[in-house]
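Enquirer:
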Amino acid sequence: SAMNPNDHPHGGGEGKSPIGMPGPKTPWGKPALGYRTRRRKGSDKYIVRRRGGR
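Residues in the sequence shown are numbered consecutively from 1, following the UniProt record's numbering.
1) If you drop the 5 nearest sequence neighbours on each side, which residues of the same chain put their C-beta closer than 7 Å to that of Ser1?
2) Where does Lys30 sit, in a helix, a strand or coil, going by DSSP?
3) Which same chain residues, not among the five before or five after Pro31, have their C-beta less than 7 Å away from its C-beta?
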């Protein structure tokens, strides 16, 4: 790994070692894939169904 453990959650290890955790992480320790980081809009709770048409 190119970084040290104090630089990135994937850092450290000998040679080309794997990540060593359940999934990839960002440099700040949050999950990197499939994790929603945007907050829900307050008005989303009132949306029941998409509009028809197209």
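Where a beta carbon is used, it is the ideal one built from N, C-alpha and C, also for glycine.
Expert: Here's the rundown:
1) Closer than 7 Å at Cβ, skipping near neighbours: His10, Gly11, Gly12, Gly13, Ser17.
2) coil
3) Gly23, Lys25
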